[in-house]
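A.B. asks:
There are 2 protein chains.
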Amino acid sequence: MKTDLNELRQLCQAILARHGFLVEHQHSITETLLTAQQDDCHSHGVWRLLGVLDTWRQGKLAADVLPYISHEAGAVVKIDARMGPAPTAFALGLPKLMACARRFGVGILAINHCVHFSALWVEIEQLTRAGLVALNMTPSHAWVAPAGSTKPLLGTNPIGFGFPRANADEPYVFDFATSASARGEIQLRQRAGQPLEAGWAIDAQGQPTLDATAALAGAMLTFGGHKGSALATMVELLAGPLIGDLSSQESMAFADGTATLPYGGEIIIAIDPAFLLGDEADAHLARAEALLDQFNPAGARLPSQRRFQARQRNREQGGVVVDESVLAELRALLD
Amino acid sequence: MKTDLNELRQLCQAILARHGFLVEHQHSITETLLTAQQDDCHSHGVWRLLGVLDTWRQGKLAADVLPYISHEAGAVVKIDARMGPAPTAFALGLPKLMACARRFGVGILAINHCVHFSALWVEIEQLTRAGLVALNMTPSHAWVAPAGSTKPLLGTNPIGFGFPRANADEPYVFDFATSASARGEIQLRQRAGQPLEAGWAIDAQGQPTLDATAALAGAMLTFGGHKGSALATMVELLAGPLIGDLSSQESMAFADGTATLPYGGEIIIAIDPAFLLGDEADAHLARAEALLDQFNPAGARLPSQRRFQARQRNREQGGVVVDESVLAELRALLD
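Protein chains in written order, with this note's numbering: chain V, 1 to 335; chain Z, 336 to 670.
1) Going by DSSP, what residue range makes up the alpha helix (DSSP H) through Z:CYS449?
2) What's the gap between the Cα of V:SER70 and the Cα of V:LEU61?
3) Please say whether Z:PHE452 and Z:HIS354 have beta carbons closer to each other than 9 Å?
4) What would DSSP say about V:SER179, mapped onto helix, strand or coil?
5) Rounding to the nearest angstrom, what Cα-Cα distance links V:ALA362 and V:ALA290 in this structure?
6) At which residue ranges does the stretch 243 to 313 of chain V contain complete beta strand (DSSP E) runs of 3 or more residues, listed in the order of the chain?
7) Measuring straight from C-alpha to C-alpha, what distance separates Z:ASN447 and Z:ALA424?
8) If contact means a Cβ-Cβ distance below 9 Å, which residues of the stretch 231 to 264 of chain V contact chain Z?
9) Go through its chain and collect everything with a Cβ distance to V:GLN190's Cβ below 7 Å, but skip five positions before and after it.
10) Could you tell me whether any Cβ in chain V is nearer than 9 Å to the Cβ of Z:ARG417?
11) Taking DSSP as the reference, what is the three-state secondary structure of V:MET98?
12) Go to V:LEU132, then tell me how far its alpha helix (DSSP H) extends in each direction, as first and last residue.
13) Give the interface partners of Z:GLU615 over in chain V, defined as CB-CB distance under 7 Å, in chain order.
14) Taking 9 Å as the threshold (beta carbon to beta carbon), is V:GLY184 in contact with chain Z?
15) Buried or exposed for Z:LEU368, please, with buried defined as at least 16 other CB atoms from any protein chain shown within 10 angstroms of its CB.
16) Nearest-angstrom Cα distance between V:LEU238 and Z:ALA501?
17) Once you ignore the five residues that flank V:SER229 on each side, which residues in its own chain have a CB closer than 6 Å to its CB?
18) Check the Cβ of V:TYR68 against every Cβ in chain Z and list those closer than 7 Å, keeping chain order.
19) Cβ of Z:SER475 less than 9 Å from any chain V Cβ?
20) Between the Cα of V:PHE156 and the Cα atoms of V:GLN58, V:THR178, V:PRO171, V:GLU170, which residue gives the shortest distance?
21) Under 9 Å, Cβ to Cβ, is there at least one residue of chain V near Z:LEU429?
22) On the three-pair Cβ rule with 8 Å, is the stretch 21 to 30 of chain V touching the stretch 299 to 310 of chain V?
23) In this structure, what does DSSP give as the bridge partners for V:LEU154?
24) Span of the beta strand (DSSP E) holding Z:ARG500?
25) What is the DSSP secondary structure of V:PRO209, counted as helix, strand or coil?
26) Counting only beta-carbon separations shorter than 9 Å, does Z:GLY560 have a partner in chain V?
27) Distance cutoff 9 Å, beta carbons only. Does V:VAL76 sit that close to anything in chain Z?
28) Classify Z:VAL358: buried if its beta carbon has 16 or more other beta carbons within 10 angstroms, exposed otherwise.
29) Report, in whole angstroms, the separation of the C-beta atoms of Z:ILE443 and V:VAL106, which I expect to be a contact under 8 Å.
30) When you compare the CB positions of Z:ARG417 and Z:LEU401, do they come within less than 9 Å of one another, or not?
31) So that I know if they touch, is there some Cβ in chain V lying closer than 9 Å to that of Z:HIS438?
32) Looking at the structure shown, is V:PRO85 part of a helix, part of a strand, or coil, going by DSSP?
33) For V:ARG9, return the contacting residues in chain Z, with the cut-off set at a CB-CB distance below 7 Å.
34) Cβ of V:ALA336 within 9 Å of Cβ of V:ASP245?
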């Protein structure tokens with residue numbers, strides 16, 4: 001059903017305020033979830049607020065502390081989220097990251113000790129809007145087996161990427177899990193008694209399975225076989241040890257049997273095309289347009305294209321689409 | 336057959352000298368190809384010298400000019416290869432890139448206007464040996480259709496990545512094409528009259544095909560469906576327009592109907608873990624070891640593991656393995 005954006009904003013903020021979240025967290029969490037909701041990206045929309053509050057109730061998210069800049073040198077900025085929500089830490093680091101990219105051509109923002117629940121593209125688009133190229137990654141919980149493994153060693157480990165476009169309203173943006181499917185999709189099929197797709201999961205003995213219950217007791221698989229597994233491992237390394245933070249296994253150990261949100265780090269790399277290309281930036285970025293403009297005529301969608309269409313539709317029609325049962329659950333939190 | 340490494344080195348250098356390649360190119364090309372040959376990586380070994388010479392004969396590779404540093408600012412170094420071979424440009428940029436990573440935490444090396452034929456891991460391992468994390472990419476020729484497209488818009492666009500390992504002899508390294516198969520594999524199956532695997536290619540009408548001849552007239556596909564296609568497009572953007580260089584389509588146009596090697600750019604990003612982690616580097620890199628050490632016991636191979644085993648075997652046995660017909664073709668170039 002269509003809901004007024006401002007009403008939804010006020011609802012989210014009121015819920016977070018009621019539960020003792022600092023005003024900075026109220027704002028950053030709400031805007032992050034609303035941005036996803038406006039694109040009909042329900043899995044990362046206001047529904048996630050339920051998971052945020054559950055994680056807070058389990059003592060695995062700090063609502064009453066603020067992130068701080070823990071390290072700033074060269075082209076690197078590290079933010080310590082202090083077990084707080086990632087979006088507040090990102091908001092603190094964003095101007096620093098942009099300044100690094102503009103000054104050195106490239107910058108790295110490392111967010112440490114954060115609870116992560118936001119769509120990576122929400123951050124990516126804040127960088128592409130500033131004319132920067134961006135890449136980000138975060139581990140999750142260790143649900144995913146690399147190709148050949150009988151055990152889950154990796155998280156669903158999403159990768160986000162964005163490239164600003166000169167002649168298009170929207171940037172080139174993708175954001176996908178390196179797992180073959182979303183964990184939520186397997187849970188949905190379990191509830192509906194439906195089989196999984198081939199290549200999604202193995203059972204506890206390491207054998208391929210189409211049974212959702214067996215898969216949840218076993219492991220999910222990465223997309224793209226050994227190549228996808230290599231990328232998922234890269235995410236673990238870059239957004240884990242490299243920035244001094246947890247692997248997906250360690251995040252899961254921290255959850256200690258609870259179904260709480262992943263805890264750990266995120267790495268964001270930003271590159272300034274204007275720094276690299278100088279006066280020739282326009283001419284060279286036109287090459288990108290010449291390539292991307294051929295996708296639709298050749299029958300290929302650009303990543304995020306459906307999401308951008310939903311954004312446009314929701315803007316024109318006014319309001320955002322929210323599942324009625326989610327809305328009811330959220331409203332009940334204020335009772 | 337086993338060939339003495341030094342004899343093979345002298346053979347390659349003599350061939351390059353005979354064809355007017357500057358001594359810097361003789362050295363960088365030979366060492367790059369030998370490094371691959373020593374790992375039984377035949378597709379990027381001394382066999383490639385035939386392609387290098389063919390590209391030179393067609394006037395699409397400059398043997399008699401040297402690369403120069405075209406731009407150096409912040410954490411970015413650009414090398415203009417002046418239509419010369421990529422390895423010589425990489426050798427010139429490598430110390431600059433390492434200095435950027437050590438000074439700023441991260442650095443970018445952009446190689447422009449180069450002829451590319453080397454395995455990305457050869458470069459990656461030079462950075463991991465210095466304790467740096469590295470990521471590199473290069474476009475190729477536009478043989479590959481993104482998911483849904485009926486036309487080839489992308490190159491085989493490989494991605495290389497390396498992470499230094501504290502407790503292992505070899506780093507974590509991967510290097511793979513974002514196409515589902517190698518173009519050479521499709522050509523081999525055409526010659527052998529064998530069908531392709533499902534998901535490798537489409538015909539000229541955009542329909543899936545297992546026929547190698549139809550595939551070569553149509554397009555290859557990316558690995559991993561729309562996710563692999565998104566990554567392949569990222570490679571085009573990062574190693575093309577972002578660094579002021581050609582897309583795979585433009586490289587193909589430059590080849591002008593000849594079967595010459597790709598011409599364009601390469602991007603290499605290096606990150607210094609010691610800069611990011613300071614005194615805590617050892618403790619945090621131990622997290623990476625704890626994760627990677629679980630792969631083999633769980634049944635998963637690490638990427639490059641078979642390659643490292645070949646390297647070890649060849650070292651112990653002395654000499655390198657070279658196909659006899661390749662050796663004969665190379666020797667004939669000196670007649």
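Built from N, CA and C at the ideal position, the CB exists for glycine as well.
C.D. replies: So, from the data block:
1) Premise fails: Z:CYS449 lies in the beta strand (DSSP E), 441 to 450, not in any alpha helix (DSSP H).
2) 19 Å
3) no
4) strand
5) An answer regarding residue 362 of chain V cannot be provided, because it is not within the stretch 1 to 335 covered by chain V.
6) 263 to 271
7) 9 Å
8) LEU231, THR233, MET234, GLU236, LEU237, LEU238, GLY240, PRO241, LEU242, ILE243, GLY244, ASP245, LEU246, SER247, SER248, GLN249, GLU250
9) ALA212, THR213, LEU216
10) no
11) helix
12) Element bounds for V:LEU132: n/a, residue is neither H nor E.
13) GLY244
14) no
15) buried
16) 15 Å
17) PRO146, ALA147, THR222
18) Neighbours of V:TYR68 on chain Z: none; closest Cβ ~17 Å, over 7 Å.
19) no
20) Position check: residue 156 of chain V holds Thr in this sequence, whereas Phe was assumed. Selected option, being the one with the closest Cα: V:THR178.
21) no
22) no
23) V:VAL144
24) No beta strand (DSSP E) contains Z:ARG500, which DSSP labels as neither H nor E.
25) Reading off the sequence shown, one finds Thr at residue 209 of chain V, where the question assumed Pro. Residue state, collapsed to three classes: coil.
26) yes
27) yes
28) exposed
29) 5 Å
30) yes
31) Here residue 438 of chain Z turns out to be Arg, not His, going by the sequence shown. Output row for Z:ARG438: interface = yes.
32) strand
33) By Cβ distance, chain Z contributes nothing, its closest Cβ being about 31 Å from V:ARG9, past 7 Å.
34) Outside the shown range of chain V, which is 1 to 335, sits residue 336 of chain V, and nothing can be said about it.
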